[in-house]
Amino acid sequence: MSELIIEAGRTEKNYWRDLWRYRELFYFLAWRDILVRYKQTVMGVAWAVIRPFLIMVIFTILFSRVAKLHAPASMPYALLVMAGMLPWQFISASLSASSESVIQSSNLVSKIYFPRMIVPASSVITSFVDFLITLALMAGMMAWYRFAPDWHLLALPLFVALAFAASIGLGLWLCALTVEYRDFRYVIPFVVQFGLYISPVGFSSDVVPAKWRLLFSLNPVVGVIDGFRWSLLRGQAHFWWPDLTNSLIMTAVLFSSGIWYFRKMERGFADVI
Amino acid sequence: MSDVIISVENLGKKYAIRHQDQRSNYKSLREVVARKTASLFNRRDRQAARARTREDFWALRDVSFELERGKVLGIIGRNGAGKSTLLKVLSRITEPSEGRVTLRGRVASLLEVGTGFHPELTGRENILLNGSILGMSRVEIRRKFDEIVDFAGVEKFLDTPVKRYSSGMYVRLAFAVAAHLEPEILIVDEVLAVGDKEFQKKCLGKMQDVATTEGRTVLFVSHNMAAVNQLCTRGILLSKGTKIADGPSEEVTSMYLMDAVASIDGRADLRGHPARPQSCLPLITQLTVRTRGEIITSTIPSGEEFAVDICVTLPMPLEEPRLAIAIEDSYGRRLMTFASYFNTRRPALPPLSSHCIIRCDAGKLPLAPGRYLISASVSTRDDGLLDSIDGAMWIEVVWNNNYTDGEPYSPVYGPILKESKWFVIEPL
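Chains A and B are the protein sequences, given in the same order.
FYI, in the working numbering the residues of the first sequence are 3 to 275.
FYI, in the working numbering the residues of the second sequence are 774 to 1201.
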């Protein structure tokens, strides 16, 4: 029988083993969130498709007709927007959901033991499910515009993984910070809004002037969105390798530091929450 | 088997209490940044500020014990003694501040009934969810699903959202899931406080099974001394964060109960008694126990004359006052009540006002030797209960050879030794 020692300040080597042992909880918490969303609704799961569809329609109208931003001539503007919306929706929804997640599950955190990282991670998984549905919608759109993707599509899973890592990294940071400093609850919606305008969702990255390039590419979402466009739209969207490298580095930093900070603060969650 | 499965050494847990900013526990960035930059320039200032604003509150201090496999340990103490904190540390929900705990088995804790239940989900879905949160794998839950539903008795309502359940069903379902965990160590915190008598009996029965037939180790926290004595062989008494007793459960529960305001030679001052509920008025000020006329004492021989004088201070006159004295044994079981309205059609007491002393003359006290707690209450027919103190003072009953014609005492008599008249009916 393995021995477990609980002591002040002892780093839990068992934590990662526990994460594996509790792996089914990732699924169950995400399943719960999704199930609860559509309980007592008439439309039910249809909302999962209608919502992104409406958003796409509105943004296309907004950005192309009203703001008069245009895509490079070779592709329909709607597709350009959609290819950017896809990862953006995933990341922003993950951020909003995971930052609140531990506080909302305060009764779980204060009464039951399980690796707390599962809570924000499962919010990211929930958003990922929405992402998959929207991806199917995108496929439908591309069929409509008769725009078939080519070999660039193979790179898509990589960018999905990048989006996932960025979401988790940022999510863990925000989650841990929000438990300690409740201000973040009110700051995050604003930050997400702001993020929408500084990320190349409604516009293409090449409109950004060269002197702002470096700063611009520090936003991890930039690399993800550019990558998505590149792989979905036959490499015709603009793509800049330094951008990607910056994104990769930022994401790696966010991911590892997010885990570090979360683990550090996790011990005190039950006392502070 | 005497292998130690839980070992607790000098465990301590402290919380920091703030004094300066009493508004809330939530920190705001602005405050933290402002304070930190201000104190950055002055080290003395920093230290003084820290000392001024934080006070350490030790919820647990220097607690040590060992528990062997298969044993059931009861943890008792007043509210605020540190019981829940101890359980939280053992369940790894919070980290200790000093000391160490060694666990040699999987722990499952039931600190609250229905943790993780979501009101929108159905009973079926909640069983899966709750089971998973408590640490069961999907396969395990599916395997035990029928047993759980059977134990809870909610088969008809499995597919209704839990928010529609009655509170009894809710609690039964929640406990049913938790009861089917199979950990080596089970930690249960006052969950018997919810639910009706039948449910409590079922819970106790199940926990007894878990301990005896399944041979698991159980840590049980409760305020119900009868339950603790029934389930546990050993008990630990906590008070203000430290362990003050560790021994057989009867002894420890007895110590806990007798911790009521001590009566000095038959008199107890009840003016500021902690056991008086908030909703009651402080009408009863003193109790005096007498025997054989005017002798004041807290030691009474079995079968001896027993009377209690109740001093009351009434801010308003009472028209039809009703007073009662109740006696409980050291297990917390109520054995008998003497009430002024028993066996009398007309009110036994006249209207009362300001200060008075009322005597309850109970005649011969038919109790077996032991320690007993006395509770007192004042009520009226129209207004109901006005003041009540449970466990206001204790008395000690000693063996009385005269009452039993020389027979020695034996526990087979039970707690109540009532006198009776005996005749020969046949042959005449």
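No residue lacks a Cβ here, since even glycine has one placed at the ideal position from N, Cα and C.
In this structure, the straight-line span from the alpha carbon of B:Tyr788 to that of B:Gly855 is close to 12 Å. Following the DSSP letters along the chain, one finds B:Gln1003 inside the alpha helix (DSSP H) bounded by residues 998–1004.
In this model, B:Val862 and B:Ile914 are separated by some 27 Å (Cα to Cα).
Under a 10 Å Cβ-count criterion, B:His891 is classified as buried, with 16 or more other Cβ atoms of the shown protein chains found around its own Cβ. Rounded to the nearest angstrom, the gap between the Cα atoms of B:Asp932 and A:Tyr24 is 26 Å. Counting of Cβ neighbours within 10 angstroms places B:Pro1050 among the exposed residues, the total staying below 16. According to the DSSP secondary-structure assignment, B:Glu963 is paired through a beta bridge with no residue. Using a CB distance cut-off of 7 Å, A:Ile190 does not count as an interface residue toward chain B. Annotated three-state conformation of B:Ala832 is strand, per DSSP. Sorting A:Asn248, A:Leu179, A:Tyr188 by C-alpha distance to the C-alpha of A:Arg215 places A:Asn248 at the top. Within the same chain, and ignoring the five residues on either side of B:Asp969 in sequence, the residues whose Cβ sits closer than 7 Å to its Cβ are Gly941. Per the coordinates, the alpha-carbon of A:Ile7 lies some 31 Å from the alpha-carbon of A:Leu256. Boundaries of the beta strand (DSSP E) around B:Glu1078: 1078–1091.
The C-beta of B:Val1025 has 16 or more other C-beta atoms within 10 Å across all chains shown, which makes the residue buried. In the three-state reduction of the DSSP assignment, B:Leu1140 falls in the strand class, which pools E and B. B:Glu841 has a beta carbon lying at 7 Å or more from every beta carbon in chain A. In the displayed model, B:Arg1107 falls within a strand according to three-state DSSP. Annotation: Cβ neighbours of A:Phe116 in chain B (cutoff 8 Å, chain order): Ile906, Gly908. Between B:Trp1167 and the set B:Thr1072, B:Met1109, B:Lys1191, B:Pro1055, the nearest pair of CA atoms involves B:Thr1072.
Per the C-alpha coordinates, the member of B:Arg1095, B:Asn852, B:Phe918, B:Glu804 positioned closest to B:Asp1156 is B:Arg1095. Interface annotation, A:Asp185: in contact with chain B, CB-CB separation under 7 Å. B:Pro869 belongs to the set of residues whose beta carbon lies under 7 Å from a beta carbon in chain A. A:Tyr115 sits in coil when the DSSP states are folded into three classes, being neither helix nor strand. Counting only the Cα atoms, B:Trp831 lies some 27 Å from B:Cys1005. Counting other Cβ atoms within 10 Å of its Cβ, A:Pro159 stays below 16 and is therefore classed as exposed. Of all alpha-carbon atoms in A:Met84, A:Ala32, A:Arg39, A:Leu37, the one lying nearest the alpha-carbon of A:Phe55 is that of A:Met84. Per DSSP, A:Gln106 is not a residue of any beta strand (DSSP E); the alpha helix (DSSP H) it occupies stretches across 79–106. Against chain B, a Cβ distance below 8 Å from A:Val51 picks out nothing, because the smallest value is about 21 Å. According to DSSP, B:Asp1019 shares a beta bridge with B:Ile1009. Listed along chain A, the residues sitting closer than 8 Å to B:Leu901 by beta-carbon distance are Phe30. Note on geometry: alpha-carbon atoms of A:Arg39 and A:Ala48 lie some 12 Å from one another.
Ranked by Cα distance from A:Ala163, the options A:Ala50, A:Trp22, A:Ala254 are led by A:Ala254. DSSP lists B:Val1081 as the beta-bridge partner residues of B:Cys1133. A straight line joining the alpha-carbon of B:Ile1162 with that of B:Gly850 spans about 19 Å. Look at the segment 774–790 of chain B: the residues with a C-beta under 8 Å from a C-beta of chain A are Tyr788.
Within the same chain, and ignoring the five residues on either side of B:Arg1040 in sequence, the residues whose Cβ sits closer than 6 Å to its Cβ are Thr1061.
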